[in-house]
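K.L.:
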Amino acid sequence: MSRVKIYWMLVGVMFTWGANVPMLKFIGTYVPPVTVTGIRILMASLAVFLILKVLNILRKPTKREWKYILVGAFSNVLLHHLFLNLGLAETSATSGGLILGTGPILTAIAAAIFLKYFPSRLQWLGLILGISGVTIAVLVGSTGFDTNIGDFYIFISILSQVLSYMVVVKAARTLDPRVMTAYMMGVGSIGLIVTSLILEPGGMVEFLDAPPIFWAVFLASGLISTALGHMIYNYAIGQAGATQSAIFMNLNPLFAMILSSLFLGEILTLRHFVGFFLIVAGVMLGSGAAEDLYKKHKARSTTPSS
Numbered sequence: 037m038s039r040v041k042i043y044w045m046l047v048g049v050m051f052t053w054g055a056n057v058p059m060l061k062f063i064g065t066y067v068p069p070v071t072v073t074g075i076r077i078l079m080a081s082l083a084v085f086l087i088l089k090v091l092n093i094l095r096k097p098t099k100r101e102w103k104y105i106l107v108g109a110f111s112n113v114l115l116h117h118l119f120l121n122l123g124l125a126e127t128s129a130t131s132g133g134l135i136l137g138t139g140p141i142l143t144a145i146a147a148a149i150f151l152k153y154f155p156s157r158l159q160w161l162g163l164i165l166g167i168s169g170v171t172i173a174v175l176v177g178s179t180g181f182d183t184n185i186g187d188f189y190i191f192i193s194i195l196s197q198v199l200s201y202m203v204v205v206k207a208a209r210t211l212d213p214r215v216m217t218a219y220m221m222g223v224g225s226i227g228l229i230v231t232s233l234i235l236e237p238g239g240m241v242e243f244l245d246a247p248p249i250f251w252a253v254f255l256a257s258g259l260i261s262t263a264l265g266h267m268i269y270n271y272a273i274g275q276a277g278a279t280q281s282a283i284f285m286n287l288n289p290l291f292a293m294i295l296s297s298l299f300l301g302e303i304l305t306l307r308h309f310v311g312f313f314l315i316v317a318g319v320m321l322g323s324g325a326a327e328d329l330y331k332k333h334k335a336r337s338t339t340p341s342s
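Start counting the sequence shown at 37; every next residue gets the next number (our numbering).
1) Can you round the beta-carbon distance between V215 and L118 to whole angstroms, since I take them to be within the 8 Å contact cut?
2) Give a yes or no on whether the C-beta atoms belonging to I194 and E126 are separated by under 7 Å.
3) Of the residues I273, L259, K152, which one's Cα is nearest the Cα of A344?
4) Would you call T210 buried or exposed, if buried means 16 or more other Cβ atoms sit within 10 Å of its Cβ?
5) Does the region 283 to 296 come within contact of the region 37 to 54, defined as at least 3 CB pairs closer than 8 Å?
6) May I ask you to report which of helix, strand or coil DSSP gives I93?
7) In the structure shown, what three-state DSSP assignment does R209 receive?
8) Mind checking G162: buried by the 16 CB within 10 Å criterion, or exposed?
9) Hey, how far is the Cα of W251 from the Cα of P68?
10) Write down the C-beta distance between G123 and I77 rounded to the nearest angstrom, noting that I regard them as a contact closer than 8 Å.
11) Considering just the uninterrupted stretch of the alpha helix (DSSP H) at E242, what are its terminal residues?
12) When we look at the beta-carbon of D187 and count the other beta-carbons within 10 Å, is it buried (16 or more) or exposed?
13) Can you tell me whether DSSP reads V84 as helix, strand or coil?
14) Counting Cβ pairs closer than 8 Å, one from the region 195 to 204 and one from the region 103 to 118, do we hit at least three?
15) For the alpha helix (DSSP H) containing T143, name the first residue and the last one.
16) Suppose the cutoff is 6 Å on Cβ atoms and the five residues either side in sequence are ignored; what does the same chain contact list for Y104 look like?
17) Over what stretch of residues does the alpha helix (DSSP H) that includes L46 continue unbroken?
As structure tokens, then:
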């Protein structure tokens, strides 16, 4: 698959993940967060298994591949979602959004340490521009940015997710990342459900009192944002690499703010649009898309016309 198609797939994934923020805020008002997350990811894993079965690419992992799956399930699903929910309960959305926006730079550092992959100067510039855009859009002009235990939980959440991407890259040498996604979600969701029974006893009963609109949003979040989103993103990591794929994570808080404005009535200001410009510039430079476009333009200009 061409890199351009991979890029567009990643933009689509970031849109669904951004849309997931207001959806999670909504469904979290009816069912406790860890409980609803565990059931949502279990449903997503079953959907991914079904899709892979239809595509005829589902297979049993080897013993070596199971090691990667278990590590990925623990870091990408259990730790990431558990600490994300705990953190958002203790800190502001502003602080949480800024900390989650450090994902691309953390991925670049982790890739350099664990995968011996060092971004180019242009990619580093893209990383810096992207994080600057997230900072301006999320932080500048806001109040109440005080470090607390919730901020620490959010950092653990994004760090555990970033480290799981290193595992996905290594496993992708023999195991299709989409297959790995299904098994990671299945194992990780069971861990989340067990944890929810401890932290949120009685949470399962609250599903019975949820209205129809809850189930519509719950299904959209689980099947589209979680199932398809994570399956496509992990596939992109296997194709484009962890660092280049992570650049697109800068779009996640941007789409979240835009969609929250549309559906939750939050107000967008000039700083959001300045942040949008920097984020897009960062994605174009950091992913290599700008360099690809420049090379194609240069090739066309130097090709003699017939």
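A virtual CB, placed ideally from N, CA and C, is assigned to each residue, including glycine.
P.N.:
Quick answer:
1) No, V215 and L118 are not in contact; Cβ-Cβ is about 24 Å, not under 8 Å.
2) At least 7 Å separates the beta-carbon of I194 from that of E126.
3) Residue 344 lies beyond the residue range present for the chain, which begins at 37 and ends at 342; the question has no answer from this structure.
4) So T210 counts as exposed.
5) A contact between stretches requires three or more CB pairs, one per stretch, nearer than 8 Å, and the region 283 to 296 meets this requirement with the region 37 to 54.
6) Residue state, collapsed to three classes: coil.
7) If DSSP states are grouped into helix, strand and coil, R209 belongs with coil.
8) Looking at its Cβ environment, which holds 16 or more other Cβ atoms inside 10 Å, G162 is buried.
9) Those two C-alpha atoms are separated by around 15 Å.
10) At roughly 17 Å, the Cβ-Cβ gap does not stay under 8 Å, so G123 and I77 are not in contact.
11) Segment: none, E242 is in no alpha helix (DSSP H) and carries neither H nor E.
12) Here D187 is buried, its C-beta having at least 16 other C-beta atoms within 10 Å.
13) Looking at V84 - three-state DSSP - the assignment turns out to be helix.
14) Cβ pair count under 8 Å is three or more, so yes.
15) Counted as a single uninterrupted DSSP element, the alpha helix (DSSP H) harbouring T143 occupies residues 139 to 150.
16) In the same chain as Y104, and ignoring 5 residues on each side of it, the C-beta atoms closer than 6 Å to its own belong to V203, A207, in chain order.
17) Per DSSP, the continuous alpha helix (DSSP H) segment holding L46 begins and ends at 39 to 63.
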